[in-house]
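Residue numbers for the sequence shown follow UniProt numbering, so the first one is 1 and each next one is one higher. For reference, the structure is listed below as structure tokens.
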Amino acid sequence: MAHLVDIRYHQYGSTTPGGSSTQISTSPTAPTRVATVRFPLVCGTSLVELDGIIHVNNDNTNATDTQFVTVEIRRGATLIYQSNIEIDDEVVDDYTFVTFKHIDPLHVRCMDDVVYTLSIHSNVTNMFFHTPVNLTAKRYLVDSNAR
């Protein structure tokens, strides 16, 4: 059995859809950071459920191959989730949203300052993410004695 013990979130632009716009990096080694959540202390066997949404707009008019964004979640420096999402060409349903969900199982005595970072990069230029953006992290304590 698991019990919800903590919830953290990073949210901005929730009242201004299509508001601010940020260009997405084309570098897999230097992706654009989108959101961060932090747990000051995690003890015991836990599950961290991560989910969220990013709005994406493809303004690239020169690409001839598949155009996509790569969404990544890291715990500290460790990559724990990665997904490629195809984004349609400019003027062909190119303004869309990307949702994601991941469970990170933690089997630790105690960890200080557990940081999850959501980042994104693209394989083409002129790809942007827009508000609203949301990253939610819910930590569940797992009771290993429950049957």
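We put the CB at the ideal spot given by N, CA and C, even for glycine. Everything numeric in this text was worked out from a predicted model, so none of it was measured.
Where residue i falls: helix, strand or coil (DSSP)
i           : result
Q82         : strand
S46         : strand
Q67         : coil
I24         : coil
residue 202 : Absent from the model: residue 202. The displayed extent of the chain is 1 to 147, so no value can be given.
Y60         : Sequence check: residue 60 is Asn here, not Tyr. Three-state DSSP puts N60 in coil, outside helix and strand.
S119        : strand
CB of residue i within 8 angstroms of CB of residue j, strictly
i           : j    : result
R33         : T117 : yes
D143        : H55  : no
F128        : S21  : yes
residue 195 : A137 : In the structure as shown, the chain begins at 1 and stops at 147. Residue 195 is therefore absent and cannot be evaluated.
H130        : N57  : yes
V114        : R75  : yes
P28         : H107 : no
I87         : F68  : yes
Min CB distance residue i to chain C below 8 angstroms
i   : result
T26 : Any reference to chain C falls outside this structure, which holds one protein chain only.
Backbone CA spacing between residue i and residue j [nearest angstrom]
i    : j    : result
Y140 : I85  : 28 angstroms
R109 : H10  : 26 angstroms
L41  : P105 : 15 angstroms
A30  : V133 : 20 angstroms
T36  : N60  : 28 angstroms
Y12  : S119 : 15 angstroms
T78  : M1   : 27 angstroms
L135 : I103 : 13 angstroms
F100 : I24  : 18 angstroms
T26  : L50  : 24 angstroms
C43  : N62  : 50 angstroms
M111 : I73  : 18 angstroms
Y95  : R38  : 30 angstroms
Residues bridged to residue i (per DSSP)
i    : result
N134 : Q11, I53
V114 : F39
P31  : DSSP lists no partner for P31.
M1   : According to DSSP, which records beta bridges pairwise, M1 is partnered with nothing at all.
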